[in-house]
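**Student:** Provided herewith is a single structure, encoded as structure tokens, for subsequent inquiry.
Number of protein chains: 2
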Amino acid sequence: MMHLNLFLFGCGHHKGAWRHPNSSVEQLGDIRYYERLAQTAERGKLDAVFFADGQSAGNVSDGSPWFLEPLTAMAAMSRATDRIGLISTVSSTFYTPFHAARLVASLDHISGGRVGWNVVTSMFDVEARNHGYEAMPKHTDRYRRADEFVDAVLKLWDSWQADALTFDRQGHYADPDKVQPINHDGEFFLVDGPLNVPRPPQGHPVLFQAGASEQGRELAARRAEAIYAVAYDLPAAQDYYRDIKRRVQEAGRTTSVPIMPGLVTYVASTEDEARAKQRELDELLPVAASLRQLGQYTEQDCMNWELDEPVPGLPSLDAFNGPKGRYSTILRIIETEQPTVRQLLGRLAAGGGHCTMVGTPEQIADKMERWFRNEGADGFNLMPPSLPAGIEDFVDQVVPELQRRGLFRTEYRGTTLRDHLGLARPES
Amino acid sequence: MMHLNLFLFGCGHHKGAWRHPNSSVEQLGDIRYYERLAQTAERGKLDAVFFADGQSAGNVSDGSPWFLEPLTAMAAMSRATDRIGLISTVSSTFYTPFHAARLVASLDHISGGRVGWNVVTSMFDVEARNHGYEAMPKHTDRYRRADEFVDAVLKLWDSWQADALTFDRQGHYADPDKVQPINHDGEFFLVDGPLNVPRPPQGHPVLFQAGASEQGRELAARRAEAIYAVAYDLPAAQDYYRDIKRRVQEAGRTTSVPIMPGLVTYVASTEDEARAKQRELDELLPVAASLRQLGQYTEQDCMNWELDEPVPGLPSLDAFNGPKGRYSTILRIIETEQPTVRQLLGRLAAGGGHCTMVGTPEQIADKMERWFRNEGADGFNLMPPSLPAGIEDFVDQVVPELQRRGLFRTEYRGTTLRDHLGLARPES
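So the sequences go chain by chain: A and B. The first sequence runs 762 to 1189 under the working numbering. The second sequence runs 762 to 1189 under the working numbering.
If you want it as structure tokens, here you go:
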């Protein structure tokens, strides 16, 4: 069976989405908006909703994905739903392991075992400078720290054995032999423990990770129980998929580690209608600002490019001296899709290097099935370009098609996120 | 009008409460238990529910007040209630100001402006050693840090002006001139800002503090908008009340700062019945462990003291060489209440140095009124010895009596915690 998460992000993953006349932008501070999104995802029997997170306000002029803080929002969302998993990003660079372990464990209790933790190390100096650092620690240091951070968090979750709570009114509230300090004293952290939250219902809330760099992939292979990936097309997805599965095996792990690339979909009953939805969002982008940003990405003067003409020729990757990640994505989009300038701006504004599928439910299910059956993906992290419309479309149109093909559940079998993902509950 | 908070604490503030056959101990990990408590408090039109917090597991053998983490629990509780305020303790010693400001601001949005923040500096080495410190920083350093912490948090809440969000689909999501960095660079914290959560509905969530030491009182006088106090009897309450009100005035503040001492109540339709409730809980205390603890407090060998005889004579405060705070409380309890040994153990096991009132609704309302009318209290932080029974008793029996006397609201007038407490909304 395929796994599907809904990746929540403001009014949707398309940067122009909030500008749509019917957008949900006025509701971004209203918890009921997020509750309804989770309910829609649950109606579609999705595995989980997934919250990204960042530690700086960003460019507030052009829309912001941040409003409510994910852990507090998810606590409320858990009470408006019964089965769906709830995954929050928590940075290992800014919290202490004790706070992170405790907040996530508490959410696991509140939700009855439906919580996942997406471990990130954060990236930007503007984030670091909100938390006491002059600048972001180096990549290698962040990952060493993340590794120790995860280690300490797991030990804290293990500091209460599953049967520690006895509630024996003539004796112990908890068996003191089954609640033990962890005495963690490492390079980055001192944490005595035990945690002040009993063992989470799932044993360990599910560990997500999105490793792209060498260090990130190594951390993912050793630690992650499910992986959020970035893959522009099937060959790129297969490269990543095989590499991670190999690393997981080499790390001596025998568990399956579902890999879920991000996926942007525009779905409608005809392909034309689906493309019209995409075009409608693309046309909402502020042209001058988008061209200026494209100019930064490509180191070209794009301000006079014709919006509805094909993208002019660009230097090869080798001949390009700026940051290569985004530039190589741009070259691949141009090569495979031959977009107009406006279409390129739209692609970059919705999901960037992630895969985009546009078409009928059958067409999209065909592509998803191809990825799923050919070592490209164990599932997808859905990145609807606009919310709530994009997830309603997916749940109402694509999910039934996947179910018809026997690729996706028609009912939840279990009650925890581990159940949905087919992951075993760790012993204490 | 009087202000009343429900101070949540495990199965109640009496250390023996969880041992009662009908106790709620099995529900401490169940968010519905806390939701129902908040609903009961809201039925009684209380100002708020109040969460204490600690950063270590404590003695898990003898019951624990910690299970769910307060901020995540309160997010859920806010969705099960409409009007009642929700106050969480957040330590200024272990979080970064950005995390604290963001979590509390997010809760204020989720709850529609019903959140308060109880600033504490934490006290114990076992807490420090869960968050990377070898030992707790010195008292003076903790308070200097707390002062700067509050300063940074307030600046972060102010970093978005109230009308910053424009949602102008042809222009700005937020007016960039109304979202500004704070560039805080102090002795303890570097925080650039702005916050990544827009200005909270209350402007600033309400600042609670419980200042007992000289530095604590100074911080409370300068910063707190409402104060949680400890007062054993009316004269002690008056001393504290007058001292804080004077300090607030000297700090140049013209706002009222409600002072709310903790209050343990045993209420029933007859005084005998109320005393029986108290005795029932006192008898649940494990005798040997309680006598051993009393022995530590008093530096006496108490193990052979007769439980139902008066407490033997103790050395005067001057002649006592151990920690004096708790010892002076014990002397006062003996002096004013002439308790048996068992009663003394019970008093210490429920609220310690806080005021205890035992009797009929009329008797308790009489005493509360006397405190309220004589510069002892602007309200009370209710510490029911057992939960949920203790708050149900209070809401069903004492609240109607206070309402009859015109001392307590019969309906909420506003929708925010500031409204309930009569506090103005800070300008941005």
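Ideal Cβ placement from N, Cα and C applies to all residues, glycine included.
Anything in chain B within Cβ reach of residue 783 of chain A, meaning under 9 Å, just list it in chain order.
**Tutor:** Looking up residue 783 of chain A in the first sequence gives position 22. Residues of chain B whose Cβ lies closer than 9 Å to the Cβ of residue 783 of chain A do not exist, since the nearest Cβ in that chain is about 10 Å away.
**Student:** Is residue 1118 of chain A helix, strand or coil by DSSP?
**Tutor:** Within the first sequence, residue 1118 of chain A is the residue found at index 357, counting from 1. It is a strand residue.
**Student:** Taking the C-alpha atoms as reference points, what is the distance between residue 1176 of chain B and residue 1028 of chain B?
**Tutor:** Taking the first residue of the second sequence as position 1, residue 1176 of chain B is located at position 415. Taking the first residue of the second sequence as position 1, residue 1028 of chain B is located at position 267. Taking the straight line from one Cα to the other gives about 30 Å.
**Student:** What do you reckon, are the CB atoms on residue 807 of chain B and residue 1148 of chain B nearer than 8 Å?
**Tutor:** Residue mapping note: residue 807 of chain B aligns to position 46 of the second sequence, counting from 1. Residue mapping note: residue 1148 of chain B aligns to position 387 of the second sequence, counting from 1. Going by C-beta atoms, residue 807 of chain B is not nearer than 8 Å to residue 1148 of chain B.
**Student:** For residue 715 of chain B, go through chain A and note every residue whose CB falls closer than 7 Å to its CB, in chain order.
**Tutor:** As shown, chain B starts at 762 and ends at 1189. That puts residue 715 of chain B outside it, with no answer to give.
**Student:** What residue range is occupied by the uninterrupted beta strand (DSSP E) comprising residue 970 of chain A?
**Tutor:** Locating residue 970 of chain A in the first sequence gives position 209, where the first residue counts as 1. From DSSP, the beta strand (DSSP E) with residue 970 of chain A extends over 967-970.
**Student:** Note down, in chain order, each residue of its chain lying with its Cβ closer than 6 Å to the Cβ of residue 819 of chain A, except the 5 sequence neighbours on either side.
**Tutor:** What you label residue 819 of chain A is simply residue 58 of the first sequence in a count that begins at 1. For residue 819 of chain A, where only same-chain residues beyond five positions count, the Cβ hits under 6 Å are 825.
**Student:** Taking 7 Å as the cut-off, is the beta-carbon of residue 959 of chain B closer than that to any non-hydrogen atom of the ligand ZN?
**Tutor:** Questions concerning the ligand ZN fall outside what the structure shown contains, since it holds no ligand whatsoever.
**Student:** Can you say whether residue 1138 of chain A is buried or exposed, counting buried as having 16 or more other CB atoms within 10 angstroms of its CB?
**Tutor:** Taking the first sequence and counting its residues from 1, one reaches residue 1138 of chain A at position 377. The residue in question, residue 1138 of chain A, is buried, as its Cβ has 16 or more Cβ neighbours within 10 Å.
**Student:** Could you tell me whether the segment 871-882 of chain A touches the segment 933-951 of chain B, where touching means 3 or more Cβ pairs closer than 8 Å?
**Tutor:** no
**Student:** Use the C-beta contact count for residue 803 of chain A: other C-beta atoms within 10 angstroms, 16 or more gives buried, fewer gives exposed.
**Tutor:** If you number the first sequence from 1, residue 803 of chain A lands on position 42. Classification of residue 803 of chain A: buried, given that the 10 Å Cβ count is 16 or more.
**Student:** Between the C-alpha atoms of residue 862 of chain A and residue 1131 of chain B, what's the straight-line distance to the nearest angstrom?
**Tutor:** One-based indexing of the first sequence puts residue 862 of chain A at position 101. One-based indexing of the second sequence puts residue 1131 of chain B at position 370. Rounded to whole angstroms, residue 862 of chain A to residue 1131 of chain B spans 46 Å at the Cα level.
**Student:** Using beta carbons (cut-off 8 Å, strictly below), is residue 860 of chain B in contact with chain A?
**Tutor:** In the second sequence, residue 860 of chain B corresponds to position 99, counting from 1. True, the Cβ-Cβ gap to chain A drops below 8 Å.
**Student:** Can the beta-carbon of residue 879 of chain A be found less than 8 Å from the beta-carbon of residue 811 of chain A?
**Tutor:** Here residue 879 of chain A refers to the residue found at position 118 when the first sequence is read from its first residue. Here residue 811 of chain A refers to the residue found at position 50 when the first sequence is read from its first residue. Contact: yes.
**Student:** Does residue 779 of chain B come within less than 8 Å of chain A when only Cβ atoms are used?
**Tutor:** Translated into positions along the second sequence, residue 779 of chain B becomes position 18. Interface residue, yes.
**Student:** Run through chain A and tell me which residues come within less than 8 Å of residue 837 of chain B, C-beta to C-beta.
**Tutor:** Position 76 of the second sequence holds residue 837 of chain B. In chain order, 836, 837, 839, 840, 871 make up the part of chain A whose C-beta sits under 8 Å from the C-beta of residue 837 of chain B.
**Student:** Below 7 Å on C-beta distance, what does residue 933 of chain A contact in chain B?
**Tutor:** In the first sequence, residue 933 of chain A corresponds to position 172, counting from 1. In chain order: 822.
**Student:** What does DSSP give as the partner residues of residue 879 of chain B in its beta bridges?
**Tutor:** Counting from one through the second sequence, the residue named residue 879 of chain B turns up at place 118. Answer is B/850, B/969.
**Student:** Going by DSSP, what residue range makes up the alpha helix (DSSP H) through residue 832 of chain B?
**Tutor:** Here residue 832 of chain B is taken as the residue at index 71 of the second sequence, counted from 1. Unbroken alpha helix (DSSP H) run through residue 832 of chain B: 831-840.
**Student:** Would you say the segment 1106-1125 of chain A touches the segment 1010-1017 of chain A, given that touching needs at least three Cβ pairs under 8 Å?
**Tutor:** no
**Student:** Just to make sure I have the definition right: I need the residues of chain B whose C-beta is within less than 7 Å of the C-beta of residue 722 of chain A. Which are they?
**Tutor:** There is no way to answer for residue 722 of chain A, as the model of chain A reaches only from 762 to 1189.
**Student:** At the 8 Å Cβ level, is residue 1023 of chain B part of the contact set with chain A, yes or no?
**Tutor:** Reading the second sequence from its first residue, position 262 is the one you call residue 1023 of chain B. Cβ-Cβ to chain A under 8 Å: no for residue 1023 of chain B.
**Student:** If you draw a straight line from the alpha carbon of residue 902 of chain B to that of residue 1000 of chain B, how long is it in whole angstroms?
**Tutor:** Here residue 902 of chain B is taken as the residue at index 141 of the second sequence, counted from 1. Here residue 1000 of chain B is taken as the residue at index 239 of the second sequence, counted from 1. Going by the C-alpha atoms only, they are around 27 Å apart.
**Student:** Assuming residue 928 of chain A and residue 786 of chain B form a contact by the criterion Cβ under 8 Å, report the distance between their Cβ atoms to the nearest whole angstrom.
**Tutor:** Working through the first sequence from its first residue, we reach residue 928 of chain A at position 167. Working through the second sequence from its first residue, we reach residue 786 of chain B at position 25. Contact holds; Cβ gap of about 5 Å.
**Student:** Please state whether DSSP places residue 996 of chain B in a helix, a strand or coil.
**Tutor:** In the second sequence, the residue the question calls residue 996 of chain B occupies position 235. Residue state, collapsed to three classes: helix.
**Student:** Looking at the secondary structure, which residues open and close the beta strand (DSSP E) in which residue 943 of chain B lies?
**Tutor:** Here residue 943 of chain B is taken as the residue at index 182 of the second sequence, counted from 1. Segment: none, residue 943 of chain B is in no beta strand (DSSP E) and carries neither H nor E.
**Student:** What would DSSP say about residue 1231 of chain B, mapped onto helix, strand or coil?
**Tutor:** Not covered by the structure: residue 1231 of chain B. The range shown for chain B is 762 to 1189.
**Student:** Which residues does DSSP pair with residue 951 of chain B in a beta bridge?
**Tutor:** For this step, residue 951 of chain B is matched to residue 190 along the second sequence. Paired residue(s): B/946.
**Student:** For a quick check, are the C-beta atoms of residue 967 of chain B and residue 1182 of chain B less than 8 Å apart?
**Tutor:** For the purposes of this step, residue 967 of chain B is taken as residue 206 along the second sequence, with counting starting at 1. For the purposes of this step, residue 1182 of chain B is taken as residue 421 along the second sequence, with counting starting at 1. Cβ distance < 8 Å, so residue 967 of chain B and residue 1182 of chain B count as in contact.
**Student:** Compute the Euclidean distance between the alpha carbons of residue 951 of chain B and residue 895 of chain A, then round it to the nearest angstrom.
**Tutor:** Numbered from 1 along the second sequence, position 190 holds the residue referred to as residue 951 of chain B. Numbered from 1 along the first sequence, position 134 holds the residue referred to as residue 895 of chain A. Approximately 8 Å between the Cα atoms of the pair.
**Student:** Would you kindly work out how many angstroms separate the C-alpha atoms of residue 1033 of chain B and residue 814 of chain B, rounded to a whole number?
**Tutor:** The residue labelled residue 1033 of chain B in the question sits at position 272 within the second sequence. The residue labelled residue 814 of chain B in the question sits at position 53 within the second sequence. Rounded to the nearest angstrom, the two C-alpha atoms are 34 Å apart.
**Student:** Helix, strand or coil: which one does DSSP assign to residue 1133 of chain A?
**Tutor:** Residue mapping note: residue 1133 of chain A aligns to position 372 of the first sequence, counting from 1. It is helical.
**Student:** So, with DSSP's three-state summary, where would you put residue 770 of chain A?
**Tutor:** Position 9 of the first sequence, counted from the start, is the residue given in the question as residue 770 of chain A. Here residue 770 of chain A sits in coil by DSSP.
**Student:** Would you verify that the beta carbon of residue 809 of chain A is, or is not, closer than 8 Å to some beta carbon of chain B?
**Tutor:** Within the first sequence, numbered from 1, the residue matching residue 809 of chain A stands at position 48. It does not; no Cβ of chain B falls within 8 Å.
**Student:** Between which two residues does the alpha helix (DSSP H) carrying residue 1058 of chain B extend?
**Tutor:** Numbered from its first residue, the second sequence carries residue 1058 of chain B at position 297. Where residue 1058 of chain B is concerned, the enclosing alpha helix (DSSP H) stretches over 1048-1059.
**Student:** Out of curiosity, what's the CA-to-CA distance linking residue 1161 of chain A and residue 1155 of chain A?
**Tutor:** As a first step, residue 1161 of chain A is located in the first sequence; it is residue number 400 there, counting from the start. As a first step, residue 1155 of chain A is located in the first sequence; it is residue number 394 there, counting from the start. Using only the alpha carbons, I get a separation of about 9 Å.
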